[in-house]
Every structure is written in C-alpha cells, then in structure tokens.
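Visitor: Take a look at the following structure, please.
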Amino acid sequence: MSPVVPGLGEMRPHVRRSVRVMDVAAVPPANEATWDRWLRPAELAACRERHRPVLHLAARLAAKRTMLALLGLSHTDGERDIEVTGGGRSAPGLVLEGRVARRAAWAGVGQVTVSLAHADGHAGALVVAHCGPQGRSRVAPAGGLDILELSRWRLAVHRGGASLVARVTGGYECLADSRKPALDVWRSAVRFALKECVVKAVDGFPSGGRFHDVVVTFDDTGRPILRCTGAVGRHLSAVQLEPYEASVATVAPGVLQAVVVMRQAGKA
Ligand SMILES: CC(C)(COP(=O)(O)OP(=O)(O)OC[C@H]1O[C@@H](n2cnc3c(N)ncnc32)[C@H](O)[C@@H]1OP(=O)(O)O)[C@@H](O)C(=O)NCCC(=O)NCCS
753 MSPVVPGLGE MRPHVRRSVR VMDVAAVPPA NEATWDRWLR PAELAACRER
803 HRPVLHLAAR LAAKRTMLAL LGLSHTDGER DIEVTGGGRS APGLVLEGRV
853 ARRAAWAGVG QVTVSLAHAD GHAGALVVAH CGPQGRSRVA PAGGLDILEL
903 SRWRLAVHRG GASLVARVTG GYECLADSRK PALDVWRSAV RFALKECVVK
953 AVDGFPSGGR FHDVVVTFDD TGRPILRCTG AVGRHLSAVQ LEPYEASVAT
1003 VAPGVLQAVV VMRQAGKA
C-alpha cells in the first residue's frame, strides 16, 4: 500500500499546482473568432470536431490561464505561447514556448503536467509543476482533475443502482463507511471523482487496475484520505510516484471539483 495522504495537506516547495474551473456559459460560443486569440490552429481543429466543442475549448483555455497564473503572468497575450497537446482518449500535455517558456525557466519550473475535465456546464484544468533550484526532477509530478455534477451522479446511482456503487466502492470502504452516518450522495460522489482523478493522473488504469485499487476513506472532519493498492499501487511504485494531495471543493452549487496530485515517491 502506498502512504496515506492528508486530504488537504500543505504542498511541498518543489511541487506546485494550480486549478481553474470555468463556467462554460461565460465563454464565447465555439465558432467565435475570439478563440483564435487563445488557441492555436491544431487545438481549434481538434476541439471543433468534438460533439460539444465549447467544453474542450474552455478546458484548454483554463489550462493555459492556470499555467500563466502559476507562473505569475497575466493572461494578456500569453495563451498562444502555450499549446495543449493530446487529450481526447489519452492524457493531455503542455508545451511552453516564447515568453512563457522563458518565464518558466527563470522560475525554475522543470516538468509540467496538465489534466482536463468537463461536465455539462463547467470545464477546467489542473496544472502540476515541479519547481525549484534543482530544475527537473528525476520523476515528473502528475495530477488528475475531475468535475462532477451531483445531480448527474445522483441520477447515475439511481439508474446504475447497486452495481455502479459496487463497481466504485470496495469492501474496505464499505467497512469504513458503516461506522459513519448512512452512505450519502456526497461521499460516493467524492469517492468516484477522486478515483477518476487517479485514472487521469496515471493515464488510464494499468493492466489489471480497477476502481477498488483506489481506496478513499474520510477522516472525522469529512476530508478524504486516499490510498492506492493492487495493480494501481504497484504501477505507482514502478513509476516512483506517490499520492501527495487529494482534495475536493465546491465550485458552484451542486458542482464538485476533485484534485489528486502525485509526486516523486520518497521525497522529503
Ligand atoms: C479517462 C476518464 C477518467 C475520463 O473521464 P470522463 O468523465 O469521460 O471525462 P472528463 O470530462 O472527466 O475528462 C475528459 C478529459 O480527460 C482527459 N483524458 C482522457 N483520457 C485520459 C487518460 N487516459 N489519462 C489522462 N487524461 C485523460 C482528456 O484530456 C479529456 O479532455 P479532452 O477530451 O478535452 O481532451 C474515464 O473515461 C475513464 O476511463 N474512467 C475509468 C474507468 C471507468 O470505466 N469509468 C466509467 C464510470 S463507472
């Protein structure tokens, strides 16, 4: 089992993370030319062929703006110096160029990873960066973001019933919950969202991996505690990563943001 993570632990100096979730109603429609100022042609083309382009555009804009914020830069004219690559059915990446790349080098930012998420009305991004005088770390940090609308989760549980809950919730978690008040939608939603974050942080479940390998319990104050076991735990050991942060926040009424950050295992 990998080490227990405090739900909202203080970030260590060499790993920084920034997250931004945008209300999709507040961004321009997908076909507006404004997007050309923020996204590059390849990004625009990839997003515009998706079923709901605006979600993918907004997630990429959030990624760029959160990267700029992490570097202490304003977003005026900085977005096109950052390219969001990949995504779709695999992990996205960030390429920094020009003024943004120079600022990152000046700030001692080594590896940068990004995670994207969208729900019906929101889209967002988590950026995790290795920072410090030592520059690049032997192992790049990783992160996963998930956005969950509680009403949709409630509906999914209603429709999927016991089989959905059983797929997501393992025996140890059921045991831990039995000592607490009745299993509520909030707790199962937090659990599911954090597990989806882990899936994203490791770029898909490793062979043999499943939701039960990610164990989410809650401390007395309701903060989540994350452990990775089984195939997921073994995968993390192999790539020398360990969970570092597992946190949740409400970004709008009924909308949950979950964040998981992984850092190089054994780092003080
Ligand atoms: C990868 C996964 C977590 C994505 O979740 P989702 O709810 O479909 O979509 P979200 O809006 O939360 O996230 C979408 C983003 O995840 C990112 N993503 C997709 N696959 C990814 C992967 N393997 N690793 C990291 N990020 C990935 C993409 O950037 C995507 O955004 P984009 O299309 O704009 O590029 C999910 O599809 C998955 O595989 N879950 C695992 C197990 C499972 O079976 N779940 C079903 C529910 S019971």
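When we follow my numbering, the leftmost residue of the sequence shown carries the number 753, and every step to the right adds one. Here a beta-carbon is modelled for each residue, glycine too, at the ideal position from N, C-alpha and C.
1. Three or more C-beta pairs closer than 8 Å, one from the region 813–829 and one from the region 847–854: is that the case here?
2. Can you have a look at Thr921 and say buried or exposed, based on whether 16 or more other CB atoms are within 10 angstroms of its CB?
3. With DSSP as the reference, label Phe957 as helix, strand or coil.
4. Going by DSSP, what residue range makes up the beta strand (DSSP E) through Val844?
5. Return the chain-ordered list of same chain residues with a C-beta closer than 8 Å to the C-beta of Trp925, the five sequence neighbours on each side being excluded.
6. Counting only beta-carbon atoms, is Ala892 nearer than 8 Å to chain C?
7. So within the region 863–910, which uninterrupted beta strand (DSSP E) runs reach at least 3 residues, ignoring any that extend past its ends?
8. In chain order, which continuous runs of the beta strand (DSSP E) of length 3 or greater are located wholly inside the region 766–819?
9. From Ala797 to Val779, what distance separates their C-alpha atoms?
10. Exposed or buried, Trp858, counting other C-beta atoms within 10 Å across all chains shown (16 or more means buried)?
11. Let me check you understand the geometry: is the CB of Val773 closer than 7 Å to at least one non-hydrogen atom of ligand 1?
12. Cβ of Val1012 within 8 Å of Cβ of His874?
13. Can you name the start and end residues of the alpha helix (DSSP H) that Ser930 belongs to?
14. Using the Cα positions of Gln1016 and Ala869, report the straight-line distance between them to the nearest angstrom.
15. Which residue's Cα is closest to the Cα of Leu878: Gly956, Ala871, Val864?
16. For Pro844, collect the residues of the same chain with a Cβ closer than 6 Å to its Cβ; drop the 5 residues on either side in sequence, then sort them by chain order.
17. Under 7 Å: does the beta carbon of Ser915 sit that close to some heavy atom of ligand 1?
18. Between the Cα of Ala1057 and the Cα atoms of Glu901, Gly884, Val1000, Glu801, which residue gives the shortest distance?
Guide: The answer reads as follows:
1. yes
2. buried
3. coil
4. Before going on, a small fix: residue 844 reads as Pro here, not Val. Residues 844–848.
5. Checking the sequence, you will find Glu at residue 925 rather than Trp. Excluding positions up to five away in sequence, the list reads Arg943, Val967, Val968, Thr969.
6. Although the question refers to chain C, the structure presented lacks it and comprises just one protein chain.
7. Counting whole runs of 3 or more residues, the region 863–910 contains the beta strand (DSSP E) stretches 874–883, 894–901.
8. 767–775
9. 18 Å
10. With fewer than 16 other CB atoms across the displayed protein chains lying within 10 angstroms of its CB, Trp858 is exposed.
11. no
12. no
13. 923–930
14. 24 Å
15. Val864
16. Val836, Gly838, Val866, Leu868
17. No, the beta carbon of Ser915 sits no closer than 7 Å to any heavy atom of ligand 1.
18. Any question about residue 1057 goes unanswered here, given that the chain covers just 753 to 1020.
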